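Be aware that the sequence shown starts at 0, since it is given in numbering that gives the first Met the number 0, and climbs by one per residue.
Cβ coordinates follow ideal geometry from the N, Cα and C atoms, glycine included.
None of these values were measured; they are calculated from a predicted model.
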Amino acid sequence: MKSVKEIPFVREIPLRYEVDVFIAGGGPAGVAAAVAASKQGSKVFLAEGHSCFGGMGTAGLVPWFCQFTDDINFLAGGVGQEIFNRLNFKLGRNLLAINAEKLKRVYDDLITEAGVLFNFHTQLIDVQRDGKRVLYAICNSKSGIFAVKAQAFVDCTGDGDLAAMAGADFEKGDKDGTLMPGTLCSLWCNIDWENRYDHHAMLEKAFADGVFSIPDRHVPGMASWGHGVAGGNIGHVYDLDGTDDDSITKGLLRGRKIAPEFERYYKEYVKGYENITLVATGSLLGVRETRRIMGDYVMTLDDFKKRADFDDEIGRYSYPVDIHPNKNDPEAYARFREEITSLCYKRGESYGIPYRALVSRSLDNVLVAGRCISTDRYMQSSVRVMPGCYITGQAAGTAASMVADSNGKKTAHDINISSLQRKLKDIGAYLPNC
Ligand SMILES: Cc1cc2nc3c(=O)[nH]c(=O)nc-3n(C[C@H](O)[C@H](O)[C@H](O)COP(=O)(O)OP(=O)(O)OC[C@H]3O[C@@H](n4cnc5c(N)ncnc54)[C@H](O)[C@@H]3O)c2cc1C
């Protein structure tokens, strides 16, 4: 139980930056937002709480990118395409293995080349606002607490921290507040990749033999970096709330505890993995779902099913509904399998992402991108993956630039949509309907 006793905390802090656009969080959404806003000529400050850009895909060691394409069209055009090219990816495979160190350098280069101002280990801790307008972001870094003044703010924290701090409406989890489990992803070596067997095959036997403290049937697996090294998305951390420090702390402890259980499983039960060694677990706990900031439009399962088109579309995306069950029983896993295999698209199919899903309905100069945009749970489980975050990130960054350029005359609710779409097309966004 957290203490409810409060103390006053009042002090003067330095105003270290005055910029057009402030961005909180430098994961895939934040990087895309910062680069896009900078391309529009905005002065941008990006506060990243961790030691590198990339969020889940780097510090979190998430081992794959989901699809950049719908198998015909390149959906993550623009900043996503630039990242795809710099990683020397080839079209034709849906899941692309991530070498986290390479990806960190790609992001470092993109952000520095774009002239974005930024600091690592710099956490957004509060905002100051006047009514529905946020005026200052309050950050904490090694040098102390400081303020950043901006005209427009983009929340790319994954958790909607900035919007929530400013009092925005949000939803979290299902109607009972249940959230998807997290995963502490990991890095492994000494795998005989060419001669490995299906890693699921022996799970039930290992459960019966007591190898695992919790039998988790949902093991997404590993992606090869080459030379017997692979990144692992294995081992769910249940009952995790990624907006609660106690829960994150317990989750990290749990993730580190179960990694050796998987090491034993792979070594003793699965051919090809006899010499496998755990190299590292992520320095960020993998969080799939927390707040969804309610926007001017809320994307829903119905939009997914009907492959929705929108007049204010800022991009299109295509990835199945992928809600990891927060229970480890066989029925929950069977339901998950049924959902992910039935709620998925054929070649060339995609859904539109409306601009209104990036605009907090409660605030005038705050845009949201990445996994916390305005959706229901079903849609969140699709659009949250990294190429989807590039699409929403670059649109939110471009729109924030337009809000900033209007010198207070326009809010995020009433910028010119055709002009936004033109700017997005100019940088390579996939917008076939406009
Ligand atoms: C275990 C797991 C497996 C996944 N598998 C895949 C997959 O196979 N393929 C795929 O494409 N996607 C996958 N995803 C989804 C994808 O990785 C995330 O949804 C995506 O990274 C979200 O991007 P984001 O930019 O919104 O947030 P994040 O990646 O979470 O980045 C947020 C960034 O903001 C920073 N931050 C947070 N709060 C603050 C603050 N208050 N102040 C300053 N900085 C802050 C964080 O340090 C972080 O760098 C997976 C996710 C998880 C957790």
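- The DSSP-derived three-state label of residue 51 is coil.
- Residue 66 sits in coil when the DSSP states are folded into three classes, being neither helix nor strand.
- Residue 413 sits exposed, since fewer than 16 C-beta atoms from the chains shown fall within 10 Å of its C-beta.
- In the DSSP assignment, the residues bridged to residue 154 are 23 and 367.
- Taking 7 Å as the cut-off, the Cβ atoms of residue 235 and residue 215 count as close.
- Here residue 129 carries a strand assignment [DSSP, helix/strand/coil].
- By the neighbour-count criterion, in which a residue is buried when 16 or more other Cβ atoms sit within 10 angstroms of its Cβ, residue 243 is exposed.
- Its Cα nearest to that of residue 137, the residue 15 stands out among 15, 108 and 84.
- At least one heavy atom of ligand 1 falls within 6 Å of the beta-carbon of residue 24.
- Counting along the chain, no beta strand (DSSP E) covers residue 4, and no H or E run does either.
- Residue 28 has its CB nearer than 6 Å to a heavy atom of ligand 1.
- Excluding its 5 nearest sequence neighbours in each direction, residue 52 has C-beta neighbours in its own chain below 6 Å: 25, 30 and 106, listed in chain order.
- The three-state reading of DSSP puts residue 111 in helix, counting H, G and I together.
- Spatial neighbours of residue 384 in its own chain (CB-CB distance under 7 Å, excluding positions within 5 residues in sequence) are listed in chain order as 65 and 318.
- Here residue 177 carries a coil assignment [DSSP, helix/strand/coil].
- Look at residue 123: its beta carbon is less than 6 Å from one of the heavy atoms in ligand 1.
- Of the candidates 298, 227, 213 and 293, the residue whose Cα lies closest to the Cα of residue 259 is 213.
- In the assembly as shown, residue 127 is an exposed residue. Its beta-carbon has fewer than 16 other beta-carbons within 10 Å.
- With a threshold of 6 Å, the Cβ atom of residue 192 does not count as near ligand 1, since no heavy atom of the ligand is closer than that.
- In the DSSP assignment, residue 415 is bridged to no other residue.
- Judged by pairs of C-beta atoms under 8 Å, the segment 297 to 309 does not touch the segment 65 to 82, as fewer than three such pairs exist.
- Taking the CA atoms as reference points, residue 404 sits about 29 Å from residue 140.
- Shown here, residue 86 sits in coil according to DSSP, grouped into three states, outside any helix or strand.
- Put simply, of 41, 287 and 34 the residue whose alpha carbon is nearest the alpha carbon of residue 79 is 34.
- DSSP places residue 402 in the uninterrupted alpha helix (DSSP H) bounded by 385 to 404.
- Looking at 269, 172 and 221, the one whose alpha-carbon comes closest to that of residue 186 is 221.
- With contacts defined by Cβ atoms closer than 7 Å, residue 377 and residue 320 form a contacting pair.
- Look at residue 63: its beta carbon is less than 6 Å from one of the heavy atoms in ligand 1.
- Runs of the beta strand (DSSP E) lying entirely within the segment 298 to 373 and spanning at least 3 residues, in chain order: 312 to 316, 350 to 353 and 365 to 367.
- With at least 16 other beta carbons inside 10 angstroms of its own, residue 292 counts as buried.
- Judged by beta-carbon spacing, residue 250 lies within the 7 Å limit of residue 181, meaning their Cβ atoms are closer than that value.
- Put simply, of 288, 229, 382 and 335 the residue whose alpha carbon is nearest the alpha carbon of residue 173 is 288.
- The beta carbons of residue 227 and residue 188 sit about 6 Å from each other, so the pair counts as a contact at 8 Å.
- Closer than 6 Å to some heavy atom of ligand 1: that describes the Cβ of residue 232.
- Here residue 354 is buried. Its C-beta has 16 or more other C-beta atoms within 10 Å.
- Taking 7 Å as the cut-off, the Cβ atoms of residue 32 and residue 427 do not count as close.
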